[in-house]
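Everything below concerns the one structure shown next.
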Amino acid sequence: MVHKCGFRALSQFPHAATLLCGGLAVVLALLGEVVLAAFALMAAGVSFLVVRHLIGLVVKANEQKYRLDQQLIQSQKLAAIGELSSGIAHEINNPLAIMGQETEWIKHLLKGDNLQAPGATDELRDSLREIVSQVERCKEITHKLLDFARKKEPLIQAADVNRLVEDMARLVEKEAAQNNIKLIRGYDKNLPRVSTDPPLLRQVVLNILNNAAYAIGRDGTITIATRQPTADSIELTFSDTGCGIPKEQLDKIFDPFFSTKPPGKGTGLGLSISHSIIVKLGGRITAASEVGKGTTFTIHLPVASPNGED
Amino acid sequence: MPLKARVLIVDDEERFRFTLKKLLTANGLETDAVGSGLEAVEALRQRPYDVILLDVKMPGMSGIEALAKLKKINPEVEVIILTGHASVDVAVEIMKLGGYEYLLKPCPMDELLAKIESAYERKTARGERLRKAEATQAGEAS
Amino acid sequence: MTKDFRVLIVDDELDFLETIVKRLNRRKIDAKGIDSGLKALELLEREHFDVVILDVRMPGMDGIETLKEMKRKRPLMEVIMLTGHGSVESGVQGMQYGAFDYVMKPASIDELLEKIHEAYARKVLHEKKVLDSKLS
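Chains as they are written, first to last, in my numbering: chain A, 1218 to 1527; chain B, 2 to 143; chain C, -17 to 118.
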């Protein structure tokens, strides 16, 4: 900004200087002072060169800034990929460690006459079965990761969000009831039909409800509400009376691989997938929580399609 | 290897603990296993362990936190950190808190056994030096 | 919305299967029933269907495995998962593997019809998108 204004001033000044020198050259020439006229002409030329040089500097500076911005975006992207990769590494390490252990045990069983011992062949089978199971676990992690990485473009259709949410609520309700978890609904009856991708939104709702039930464990409530805060947006809220999320973890919950569940239970990708879906649908998702009290997820979605379809 | 070291495994992956315990026991080590830093602290309060194998990444109390607490309960116990990822700052942190060393998971059995052995040796050697020093002091006092 | 689309119901519960197919046929829906995932996949090699209603829990090849194969072979065909005992885990899985929607038994024929129509509408939209992108 500063160099833009400076540039403008500078550009006018040498321009004037060039004119002045040029004019002076003409006058001197007319007066017969050829040598002096030549000098004046040179001065005019120099200031023209000065102007051109200054313009060149500014253009270069802008190019530099653009390149740095691109590098920043790229390095941010790389940082995100790096984070994802280290997340994958950590996640896959556990199954790998178990598989390593099992093969050590198998090697032990195959030593000397260990295999003759009672129950040894059962142990052998058990270790092999465990290896297969851990391979499955790794497969799931990589598949979910590929899903996450793959650009799943939303297919926009008009949806009755209340009904969509209710369908998923009823799915969760039966199992939740077994753990004495109640579902309370507060749907806005006048909620307009929304342009969105219904199966993708269902995934998000199911994921949040599932997490809510898990956070509660036994005896609690999940409150679901929809409303229309503005003419062109709708709001969905999901509140649970679960264990809550500590403040230090709250801003990480949408990170890929961040999970508060024990290893093997869930891959930690659910919320990050949900987050990227909501963003793709042109909305935003936030979480608020208090340890010991519960958590509330809030989703905002545009009523009209995010990319002008439908 | 006639080691009579008492080992405590601390790792939140159940199957990992289960099989590692079998492996260490088959190699003559008296082994117990727990699933969290909290349980490890409790266990160390109740029974004497020589070497503790501690996973660095656990929900709840982290491995580093547990290391600090365990060393407080018994400064002589040797703690080997198991981690899926080597990082300089974590290594430095471990050393500062008195950890013996860290090993990358998954770790081949012979390497693990060797580390447990050297950790145990360091513990017994240190223990002997301490007792000698105490004996000398007691001798001087009397 | 044209009604000449075809629906395949896959469920090992034969009574339920017969009832649903009959009821859908009565509502002028071209519906066919089959009682296993494996047989359904074989049928899909020979006949065309637009929407599939697929039971999640079946002996042999289970619902999720069948769903994965179906989405792999016929990515434009929409699949609605069906279950007798609302298993949320399989619901989450199903949605992640591309199921259009999820319905709990007992499902009223009206509810089922509504979802079938929505699934078909989505298929049409999807096909159009694919065709449009090919032209550009």
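All residues carry an ideal CB built from backbone N, CA and C; glycine is no exception.
T1443/A sits away from S1456/A, with the two beta carbons spaced by 8 Å or more. Taking C-alpha positions only, M1316/A is separated from G38/B by approximately 23 Å. From the listed residues G85/B, L24/B and K5/B, the smallest Cα separation to P1312/A is found for G85/B. Burial check for I11/C: the Cβ neighbour count within 10 Å reaches 16 or more, so the residue is buried.
Annotated three-state conformation of F1514/A is strand, per DSSP. Interface criterion not met: the Cβ of R56/C is under 8 Å from no Cβ in chain A. In the three-state scheme derived from DSSP, where H, G and I count as helix and E and B as strand, L1408/A is classed as coil. Under the DSSP assignment, Y1431/A falls in the alpha helix (DSSP H) whose first and last residues are P1415 to I1433. CA-CA distance, T1/C to A13/C, rounds to 11 Å. Among the CB atoms of chain B, one or more fall inside 8 Å of the CB of G1317/A. With a threshold of 16 other beta carbon atoms within 10 Å, P49/B falls short and is exposed. Around the beta carbon of P1371/A, 16 or more other beta carbons lie within 10 angstroms, which makes this residue buried.
For P88/C, the secondary structure class from DSSP, reduced to helix, strand or coil, is coil. For F1455/A, the pairing in a beta bridge is given by DSSP as I1441/A and F1514/A. Residue environment for S69/C: buried (at least 16 other C-beta atoms within 10 angstroms of its C-beta). At the C-beta level, T1454/A and T1515/A come within 8 Å of one another. Taking 8 Å as the cut-off, the Cβ atoms of R1410/A and A1375/A count as close. Taking every protein chain shown into account, the CB of N1427/A has 16 or more other CB atoms within 10 angstroms, so this residue is buried. Taking a cut-off of 8 Å on C-beta distances, the stretch 55 to 64 of chain C touches the stretch 74 to 87 of chain C, as three or more cross pairs fall below it. Under the three-pair Cβ rule at 8 Å, the stretch 75 to 82 of chain B counts as touching the stretch 93 to 111 of chain B. Here the alpha carbon of A120/B sits roughly 53 Å from the alpha carbon of K1391/A. The C-beta of R1419/A has 16 or more other C-beta atoms within 10 Å across all chains shown, which makes the residue buried. Here E112/B carries a helix assignment [DSSP, helix/strand/coil]. By the C-beta density criterion, Y1283/A is exposed, having fewer than 16 other C-beta atoms within 10 angstroms. Nearest neighbour of S1450/A by Cα position, chosen from D1377/A, E1321/A and A1521/A, turns out to be A1521/A.
In this structure, G1434/A and N1396/A form a Cβ contact; the two beta carbons are roughly 7 Å apart against a cut-off of 8 Å.
Out of V52/B, D90/B and E129/B, the CA that lies nearest to the CA of K116/B is found in V52/B. P1463/A sits in coil when the DSSP states are folded into three classes, being neither helix nor strand.
Between D32/C and D(-7)/C, the C-beta spacing is not below 8 Å. Membership of E1370/A in any beta strand (DSSP E) is not indicated, and neither H nor E is assigned to it by DSSP.
In the structure shown, the three-state DSSP call for V1382/A is helix. Separation of the CB atoms of L1518/A and T1447/A is rounded to 11 Å, and the pair is thereby denied contact status at 8 Å.
Looking only at L36/C, V3/C, E93/C and N7/C, the smallest Cα-Cα distance to L20/C is reached by L36/C. For the stretch 1401 to 1435 of chain A, the set of positions with a beta-carbon nearer than 7 Å to some beta-carbon of chain C reads P1416, R1419, Q1420, L1423, N1424 and N1427 in chain order.
Contact check for R18/B and A34/B: beta-carbon distance about 4 Å, within the 8 Å limit, so the pair qualifies.
Between K116/B and chain A, the shortest Cβ-Cβ separation is not below 8 Å.
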